[in-house]
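Under numbering that gives the first Met the number 0, residues 0 to 169 are what the sequence shown spells out, in order. Below is one structure, written out as structure tokens; comments come after it.
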Amino acid sequence: MNGLRLVLSILTGLAATLVTYSVVFVRGDLGGVMGYLRARGALRRLTEGGADAGAVAAAQDALRTLGAQVGDPAQAARLIPLALLIGLAAGYAVWRVFGRKQTQQGRPDVQERMVYRLAWRKGGAFTLEDLAESSPLDEAQARAVTARMLELGRLTRDGEAFVLRPPGRA
0 MNGLRLVLSI
10 LTGLAATLVT
20 YSVVFVRGDL
30 GGVMGYLRAR
40 GALRRLTEGG
50 ADAGAVAAAQ
60 DALRTLGAQV
70 GDPAQAARLI
80 PLALLIGLAA
90 GYAVWRVFGR
100 KQTQQGRPDV
110 QERMVYRLAW
120 RKGGAFTLED
130 LAESSPLDEA
140 QARAVTARML
150 ELGRLTRDGE
160 AFVLRPPGRA
């Protein structure tokens with residue numbers, strides 16, 4: 000699980016770095032980017048339409064000029080450390096969120112629901128082995144949840160098996 004956590008954190012960090020670099024490169028001007036893309040499409044349609052060389056050259060010059068107005072490679076190069084820092088922060092945030100999920104104890108109500116579901120599937124009776132095999136609980140968690148449910152009177156013991164106690168009976 001730590002391998003997946005590491006891969007997801009790295010991918011998130013790299014994606015955030017790339018997005019930040021892209022935003023810095025175009026100075027946050029999404030309208031300029033869209034105008035550049037429209038001009039590039041118009042140039043492509045012009046060349047595919049068989050326009051004369053003078054019109055294509057003029058359109059290419061206009062596209063280069065528009066590209067120079069939209070993008071700022073010098074500023075983007077100066078701000079690469081900022082993009083890397085933002086990517087590192089995003090990757091670290093993902094690492095922390097998934098680490099917290101891994102280290103949290105399972106919620107008792109969720110574990111008890113797993114026990115109830117297994118018991119209902121098994122006709123009301125089950126063993127610890129059944130619970131460990133048929134649910135995401137490991138053996139220690141299965142022992143803890145059945146002990147807690149025995150204390151609360153929700154289960155009774157029948158040899159090696161546990162039996163659901165009907166509601167309303169103490």
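Glycine included, C-beta positions come from ideal geometry on N, C-alpha and C.
Quick check: the stretch 57-77 against the stretch 13-33, are there 3 or more CB pairs under 8 Å?
-> yes
Figure out for me which residue from 98, 123, 53 and 87 has the closest Cα to the Cα of residue 161.
-> 123
Measuring alpha carbon to alpha carbon, tell me which of 157, 41, 136 and 164 ends up nearest residue 148.
-> 164
How about residue 54 and residue 20: do their beta carbons lie closer than 9 Å?
-> no
State the Cα-Cα distance for the pair residue 144 and residue 97, rounded to the nearest angstrom.
-> 24 Å
Looking at C-alpha atoms only, which residue of 88, 30 and 78 is the closest neighbour of residue 12?
-> 88
In its own chain, which residues sit with a C-beta less than 7 Å from the C-beta of residue 141, not counting the 5 before and 5 after it?
-> 127, 130 and 131
Separation of residue 118 from residue 158, as counted between CA atoms | 16 Å
Do you know how far the Cα of residue 10 is from the Cα of residue 17?
-> 10 Å
Cutoff 7 Å; reference residue 125; Cβ partners in own chain excluding five residues on either side | 117, 118, 160 and 161
Taking just the CA atoms, how far does residue 37 sit from residue 137?
-> 58 Å
Quick one: what's got a C-beta closer than 7 Å to residue 59's C-beta in the same chain, skipping five residues either side?
-> 42
Closer than 6 Å by C-beta to residue 155: which residues in its own chain qualify, once you throw out the five before and the five after it? Chain order, please.
-> 162 and 164
Compare the beta carbon distance of residue 40 and residue 65 with 9 Å and say whether it is the shorter of the two.
-> no
According to DSSP, is residue 83 helix, strand or coil?
-> helix
Would the beta-carbon of residue 93 fall within 9 Å of that of residue 7?
-> yes
Among 79, 77, 90 and 1, which residue has its Cα nearest to the Cα of residue 14?
-> 90
Within 10 angstroms of the Cβ of residue 1, are there 16 or more other Cβ atoms? Answer buried if so, exposed if not.
-> exposed
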